[in-house]
Structure formats: structure tokens, C-alpha cells
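Just so we're aligned: 9 in the UniProt record's numbering is position 9 of the sequence shown, and the numbers increase by one with no gaps anywhere.
Built from N, CA and C at the ideal position, the CB exists for glycine as well.
Since this is a predicted model, take the numbers as computed values, not measurements.
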Amino acid sequence: MNFEAVKSIYLFEMARMKRTLLQSVISPVLSTSLYFIVFGAAIGSRIEEIDGVQYGAFIVPGLMMLTLLQNSISNASFGIYFPKFIGTIYEVLSAPISFFEIVLGYVGAAATKSLILGLIILATAHLFVPIEIRHPFWMLFFLVMTAITFSLFGFIIGIWADNFEKLQLIPLLVITPLVFLGGSFYSIEMLPEFWQKVTLANPVLYLISGFRWSFYETADVGIGVSIAMISFFLALCLGAIWWIFKTGYKLKT
């Protein structure tokens, strides 16, 4: 294991967070604050509680998951795509470093940035509503697993994309709608029975449900199912990364 090479990639990517502080940190925090103002104040005045939880507090796990998924994917995808775009990927490929170490550096940095942002969002939420975390271990488990899994997914998107449009295609047209329709701002029990069954086909629902359970012990699906689902996503992404490693698929421009 070339730890110095992994460390160099990791620190370089983490330094980019400092250089783009407005985009990386301040912008998501402002967006989350607006969500609290719009959903917490406007809708919260009409829906006081869901499953015994104040509505403003109920949407916190969903907002955190929304931010975590978006930023994990964007950080990792841009991190590997940009070197391909400007041609500096050849400097990485010519260095004495394996594909596994490249993934470890880029994905590790992307996941770290997402975790930092997720914790900042949690701290921001405390300014608006009282939050109770009944299962801190499981909260951190879902936070870390989601950050790693979707950073891996973002890395795969960055390798697959050959232009900036493709880089944004899946996050904007697939992930964001799935998060909004996955119970971020409501319980699926509020939906008609038919749409409840349709929503169960949304894989993001299981992540949000398990994450919310770690806060308030209320969930749309069993916690065991949520753990199995995030584990399955991680295994799927690791399998895709292994296939890319074996074939060298589009790593070079």
C-alpha cells in the first residue's frame, strides 16, 4: 500500500474544499436553512406532528440525507472527472500507485467532505428545532455508510461521464427526485395505499427511513431492511469498482 500517494490525493481533494468554501459549505447550509423556513414554517404550521415528532424535527434526517447524497456524488464524480478533462489523470496513472489506492484517495476525500457537511447541517438544524438522537451509533453508521457508498457511486459516474452534462445527469434527474419522493418530508403512511406500495420501490426510502429511526425510533420500513439495503448498495458499488479495475474502463481519456 502506497500510503504517501493515497495521502497526497486525499489532501489535495480536501484542500479543494477550502478553496471552494462558498460552494462546498456555505451554499448547502443556506439551502438547508431555506428548506427549514419553507417546509418547517409554512407546512409545519399545518402539520404539527408526524408519528409524535414535531414536523420541523421530522424532516431533519431527510434534509441531511438529501445533502449527503448530492454532495457525496458531486464531490467524488467531479474529483475524478476533472483530472480526466484537463489531462492530469496521466500524472496519477504514471505514478507508482494502484487503482485501489486511487479510489481510496478520491473516495475517502469525497466521503470525508460529505460527513463534515452532514454534521454542519445537523448543527444548523439545532438552531431551528430541538433534535433528539436516540441511537447515535446507528445514526453514525448510516451517515458513514451512505457517504462512502454514494461517493463510490459518484466516482463511477465520474469515470463514465465524458462531458459535464453527463456528470450532472444522474444526480439531477435520478437521485434528487428519488430523495424527494423517498419520504424526506413526509411519512409514506400519509399516502394512499397504492402509492405506498409504489414508494416501496424507491431504494432511497430505505436509507431515509433507517436514518430517521436512529433519531426518533420511527420508520416507514424495518431497521433491518434499511441496514440490508445500504449494505447491498455498498456491495453493488464495490462490485462495479472491481469491474472497472479489471477492465480499465474509460479511466483514461
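Cα-Cα separation between residue i and residue j, rounded to whole angstroms
i           : j           : result
residue 34  : residue 124 : 11 Å
residue 55  : residue 83  : 43 Å
residue 65  : residue 142 : 9 Å
residue 244 : residue 93  : 14 Å
residue 189 : residue 196 : 7 Å
residue 159 : residue 97  : 18 Å
residue 10  : residue 88  : 16 Å
residue 255 : residue 37  : No answer is possible for residue 255: the residues shown for the chain start at 1 and end at 253.
residue 136 : residue 81  : 35 Å
residue 128 : residue 162 : 41 Å
residue 234 : residue 100 : 16 Å
residue 95  : residue 122 : 39 Å
residue 62  : residue 246 : 36 Å
residue 79  : residue 18  : 14 Å
residue 30  : residue 223 : 31 Å
residue 16  : residue 193 : 46 Å
residue 120 : residue 2   : 32 Å
residue 133 : residue 139 : 8 Å
residue 32  : residue 7   : 31 Å
Residue i vs residue j beta-carbon contact at 8 Å
i           : j           : result
residue 74  : residue 111 : no
residue 210 : residue 201 : no
residue 167 : residue 77  : yes
residue 179 : residue 117 : no
residue 181 : residue 114 : no
residue 241 : residue 156 : yes
residue 50  : residue 187 : yes
residue 259 : residue 131 : This structure leaves residue 259 out entirely; the chain is present only between 1 and 253.
residue 90  : residue 13  : no
For residue i: DSSP bridge partner residues
i           : result
residue 254 : The structure shown does not extend to residue 254, since the chain spans only 1 to 253, so no value can be given for it.
Boundaries (first-last residue) of the alpha helix (DSSP H) holding residue i
i           : result
residue 170 : 164-170
residue 128 : Counting along the chain, residue 128 falls outside any alpha helix (DSSP H), and DSSP gives it neither H nor E.
residue 12  : 3-19
residue 174 : Run containing residue 174: none; DSSP gives neither H nor E here.
Exercise for the section: Please confirm if the stretch 64-73 is in contact with the stretch 164-175, defined as three or more CB-CB distances below 8 Å between the two stretches. Expected result: The stretch 64-73 makes contact with the stretch 164-175: 3 or more CB pairs, one atom from each, lie closer than 8 Å.
Practice task
Indicate whether the contact test is met: 3 or more Cβ pairs, each with one atom in the stretch 143-158 and one in the stretch 100-117, closer than 8 Å.
Solution key: Proximity of the stretch 143-158 to the stretch 100-117 meets the contact definition, three or more beta-carbon pairs being nearer than 8 Å.
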